[in-house]
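One structure is given below, encoded as structure tokens.
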Amino acid sequence: MATNFFKDLPLDFIPHPVTGDVRPVVDDVAVKKSILNLIRTPKGSRPFRPEYGCNVGNYLFKNADVFTQYDLSSELKETITKFETRVDVLKVGVTFQDNGVKIDI
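Numbering (our numbering), first residue to last: 1488 to 1592.
What follows is the structure, given as structure tokens:
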């Protein structure tokens, strides 16, 4: 019998078409969705948890230079390390491209 180490409820709460139950996301999918949720949550938007979240929106209209790249990388690494204890962040790579930003965690 396989065991799932991590289980989370999906935030869309779409029921299974046959059983009608909300099926949990497991293992690496659960951790990835949790990190995406953490990054998409602006700091100060959660009641009673003002430090929870990430301020990636602050970098939206900044110049695409080395300083912004470093600040964004540091912000992401600090946030994930602090709030998602299921992962060890080894490196956060941020590169600016013509059509957006590429982030490798």
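Built from N, CA and C at the ideal position, the CB exists for glycine as well.
Per-residue burial, residue i [other beta carbons within 10 Å of its own, 16 or more giving buried]
i        : result
Ala-1551 : exposed
Glu-1562 : buried
Cβ separation of residue i and residue j, assumed to be a contact under 8 Å, to the nearest whole Å
i        : j        : result
Gly-1540 : Lys-1530 : 4 Å
Val-1505 : Leu-1496 : About 19 Å separates the two Cβ atoms, so there is no contact after all.
Phe-1500 : Ala-1517 : Wrong, their Cβ atoms sit about 15 Å apart, outside the cutoff.
Residue i to residue j span [Cα, whole Å]
i        : j        : result
Met-1488 : Leu-1577 : Any reading at Met-1488 is ruled out, since the residue's pLDDT is 49, under 50, leaving its predicted position unreliable.
Gln-1584 : Phe-1535 : 37 Å
Asn-1545 : Leu-1559 : 9 Å
Met-1575 : Gly-1507 : For the sequence presented, residue 1575 should be read as Asp rather than Met. One C-alpha to the other measures close to 35 Å.
His-1503 : Pro-1511 : 10 Å
Which residues DSSP lists as bridging residue i, in chain order
i        : result
Ile-1590 : Val-1581
Next on the checklist: To test your reading of the DSSP string, which unbroken beta strand (DSSP E) runs of 3 or more residues are found completely within the stretch 1490–1545?
Outcome noted: None, since the stretch 1490–1545 contains no complete beta strand (DSSP E) of that length.
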